[in-house]
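Quick notes on the structure that follows.
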Amino acid sequence: MHSVEMKKIILSLLFLPAIAFAINFWLGLITSGVMLVSIAIILQIHKLDRIFLGFLSLILIGYAFGGKGFAYLGIYPVFVGEVALSLGVISIIAYFLVGKTRFAPPPLGMPLSFLIGLGILRLIYDLPHYGIFALRDGVIWGYSLFAIVSFWALNNRMSIIEVPVWFAKWIPYFLLLTPIVFLVFRLKYQILPRWPWGPEGGVPILNPKGGDIAVHLSGIMAFLIVGLYQEKRQTLSIRNWIMWTLWLICFVMIGTTGRAAFLTVSFSLLMIGLFRSFRQWLKVIFVMGIVLIGMEAFDISFDVGIPRKISTEQIIDNIRSVFGETQSSNLEGSKRWRLRWWKTIISYTFYGNYFWTGKGFGINLADDDGFQVAADHSLRSPHNSHLTFLARMGVPGFFLWVILQLGFAGKLFYFYKKAKQKRMDVLANLNLWILIYWAAFMINGAFDVFLEGPQGGIWFWSVFGYGLALINYQNRLYRSNRVIKSNLALQNQIA
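Here the working numbering runs 25 ahead of the position in the sequence shown, where the first position is 1.
Spelled out as structure tokens, the structure:
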């Protein structure tokens with residue numbers, strides 16, 4: 026932006042607080058605050074994409090460690106996730122207004138636009154009836170805006186390496202601190218400080234969930250196995266063994282909390298096996314086997330304040346509960362309750378009166394469907410994010426959701442195969458990493474209220490946005506003659 030144009034815009038903004046103060050003191054105060062923020066944005070407009078990505082990185086780390094507890098950071102009803110989304114949207118608008126960029130539609134823009142459009146139409150209808158509850162339930166599609174702003178910011182910077190470089194730096198801290206945070210939450214739940222808002226009399230500032238952690242463990246596992254983690258050769262082997270040991274400690278700890286966490290990691294591991302030789306993931310199997318055999322041989326178990334202990338017996342119970350019945354009344358009761366609710370949703374959508382519209386946003390599905398188990402009625406959606414789309418947006422919304430996800434996975438798989446053919450090893454590994462990470466989100470989302478909350482939804486759509494940027498990069502790359510040069514450049518950047 027030229028300095029003359031910038032001065033004109035800033036001077037014009039200075040008149041607004043004066044006019045506002047003349048009308049009302051509080052209006053003038055609010056306008057002054059907005060003006061200061063606007064001037065700061067204008068002065069730093071060339072850095073907005075970087076500022077947004079930096080802030081998004083911070084809140085993603087917060088969600089990964091603190092879970093639902095971090096999600097309530099803010100002042101009701103505006104929390105840290107809404108602040109991040111607002112910053113992203115403002116960044117796009119500011120860049121567009123000053124002509125610094127033209128917003129290019131992302132890959133899969135059509136099904137994504139249709140999903141958002143249908144969500145907006147349904148929300149417009151439900152908002153007068155349910156108010157803020159409709160907005161709260163509508164985030165299941167509303168968080169998809171993070172995919173758009175993440176895609177824009179990464180595409181605008183013309184870089185796909187920043188994300189894996191950041192992820193590699195984050196891995197050791199996550200593996201080291203997650204067991205500590207998880208144990209503190211489980212053992213000191215009653216005395217943890219709480220946010221004064223939220224269900225159940227306030228949410229603890231630390232509230233991690235086993236299934237959520239399992240998704241990130243799956244992403245880390247894929248990142249390490251496909252070879253994206255780079256270190257100096259003399260330290261790589263030692264670091265790898267240490268990280269795999271820490272990874273396994275995390276897995277054993279959260280794999281006993283429920284079948285969702287166990288299934289998420291197990292499915293991701295099997296998926297890697299389809300794309301990689303057995304030798305490349307033998308290290309995971311070896312360390313896992315040694316630890317589990319040791320726990321069984323010495324009858325090691327830990328009571329962390331929940332009905333399910335950390336033990337090999339609990340892991341075996343989780344496996345049995347997936348493929349059949351188990352003697353654990355806790356697991357079996359949860360399984361039957363879920364299946365009955367899911368059948369009810371399928372019945373009143375595919376075969377009932379809610380085929381086209383679903384029940385909409387704002388209505389408490391647990392209450393309306395007759396499956397409420399929370400004393401304070403805080404449970405609002407079934408323990409299956411995919412069926413939440415079906416229940417709230419009907420068969421058309423569910424169809425758009427499925428088409429979007431299959432299209433995303435299909436594109437990543439296509440470019441993975443193409444990169445392998447072209448010997449673009451880094452790109453092939455990036456495609457495979459995101460594909461497996463995406464699958465982990467899908468699996469955990471099938472067993473929990475996951476994508477409906479910011480700790481799951483914002484993470485998922487941010488990864489989705491990076492995937493779109495990766496797909497778009499490869500679309501441009503293969504139309505040019507820069508394949509070999511690009512592969513060398515990527516290898517140098519990620520090393």
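Backbone N, C-alpha and C fix where the C-beta goes; we use that ideal spot for every residue, glycine too.
Quick caveat: nothing in here was measured; it's all calculated off a predicted structure.
Exposure label - residue i; buried when at least 16 CB within 10 Å
| i | result |
| --- | --- |
| methionine 135 | exposed |
| glycine 142 | exposed |
| glycine 377 | exposed |
| isoleucine 100 | exposed |
| phenylalanine 95 | buried |
| isoleucine 216 | exposed |
| glutamine 259 | Bear in mind that a pLDDT of 46 at glutamine 259, under 50, signals an unreliable position, so the number given afterwards is only what the model happens to contain. Exposed is the call here. |
| valine 277 | buried |
| glycine 435 | exposed |
| serine 372 | exposed |
| tyrosine 120 | buried |
| isoleucine 279 | buried |
| valine 103 | exposed |
| isoleucine 370 | buried |
| phenylalanine 375 | exposed |
| proline 221 | exposed |
| proline 229 | buried |
| valine 398 | exposed |
Residue i versus residue j - alpha carbon distance
| i | j | result |
| --- | --- | --- |
| leucine 253 | alanine 416 | 39 Å |
| glutamate 107 | glycine 481 | 14 Å |
| threonine 351 | serine 359 | With a pLDDT of 49 at threonine 351, under the threshold of 50, the modelled position of this residue cannot be trusted, and the question is left open. |
| arginine 147 | serine 138 | 14 Å |
| tyrosine 503 | glutamate 477 | 36 Å |
| phenylalanine 210 | tyrosine 88 | 14 Å |
| arginine 284 | tyrosine 462 | 18 Å |
| phenylalanine 348 | lysine 213 | Here phenylalanine 348 scores only 49 on pLDDT, less than 50, and its place in the model should not be relied on; the value that follows carries that caveat. Near 34 Å, if we compare the C-alpha coordinates of lysine 213 and phenylalanine 348. |
| isoleucine 185 | serine 175 | 11 Å |
| proline 189 | phenylalanine 207 | 25 Å |
| arginine 448 | tryptophan 484 | 30 Å |
| alanine 471 | alanine 286 | 11 Å |
| leucine 152 | lysine 384 | 13 Å |
| alanine 444 | tryptophan 266 | 29 Å |
| tryptophan 526 | alanine 400 | Residue 526 is absent from the model: the chain starts at 26 and stops at 520. |
| isoleucine 263 | asparagine 181 | 37 Å |
| cysteine 275 | threonine 281 | 10 Å |
| isoleucine 157 | isoleucine 149 | 12 Å |
| phenylalanine 475 | valine 240 | 11 Å |
Identity of the residues DSSP links to residue i by a beta bridge
| i | result |
| --- | --- |
| asparagine 232 | Gly92 |
| arginine 301 | Paired residues: none, contrary to the question. |
| isoleucine 100 | Val103 |
| arginine 504 | DSSP, once it has assigned bridges, lists no residue as partnering arginine 504. |
| arginine 365 | Paired residue(s): none; arginine 365 is not in a bridge. |
| arginine 284 | Arginine 284 is not bridged to any residue. |
| arginine 219 | Pro229 |
Contact under 8 Å by Cβ, residue i with residue j
| i | j | result |
| --- | --- | --- |
| glycine 387 | tyrosine 155 | yes |
| methionine 268 | proline 204 | no |
| leucine 294 | methionine 246 | yes |
| serine 82 | tryptophan 166 | no |
| phenylalanine 524 | alanine 109 | Only positions 26 to 520 of the chain appear in the structure, and residue 524 is not among them; the question remains open. |
| leucine 242 | tryptophan 272 | yes |
| alanine 129 | threonine 289 | no |
| asparagine 389 | arginine 365 | no |
| asparagine 454 | proline 131 | no |
| leucine 493 | leucine 133 | yes |
| tyrosine 379 | glycine 422 | no |
| alanine 159 | phenylalanine 489 | no |
| leucine 429 | tyrosine 441 | no |
| asparagine 469 | glycine 223 | no |
| leucine 112 | valine 105 | no |
| asparagine 409 | tryptophan 367 | yes |
Minimum C-alpha distance to residue i - residue among the options
| i | options | result |
| --- | --- | --- |
| proline 407 | Ala109, Ala391, Pro421 | Ala391 |
| asparagine 500 | Val398, Leu452, Asp151, Ile428 | Leu452 |
| leucine 170 | Thr282, Met278, Tyr491, Pro233 | Tyr491 |
| methionine 296 | Trp266, Gly280, Ile250, Ile279 | Ile250 |
| isoleucine 118 | Asn409, Arg161, Asn497, Asp74 | Asp74 |
| leucine 460 | Leu495, Arg361, Val103 | Leu495 |
| phenylalanine 292 | Gly244, Cys275, Leu455 | Gly244 |
| lysine 234 | Val114, Ile274, Lys93, Gly113 | Lys93 |
| phenylalanine 77 | Leu179, Val427, Phe440, Asp162 | Leu179 |
| leucine 85 | Ser505, Pro479, Phe489 | Pro479 |
| tryptophan 25 | Ser505, Gly113, Leu202, Trp486 | Examination of residue 25 is not possible in this model, given that the chain is present from 26 through 520 alone. |
| leucine 202 | Val228, Trp177, Ile238, Pro218 | Ile238 |
| arginine 161 | Leu437, Ser403, Arg219, Gln397 | Ser403 |
| tryptophan 177 | Ile115, Asp450, Leu200, Gly144 | Ile115 |
| aspartate 473 | Gln446, Phe424, Leu412 | Leu412 |
beta-carbon residue i near the ligand FAD non-hydrogen atom, thresh 7 Å
| i | result |
| --- | --- |
| alanine 391 | This structure lacks the ligand FAD, and indeed carries no ligand of any kind. |
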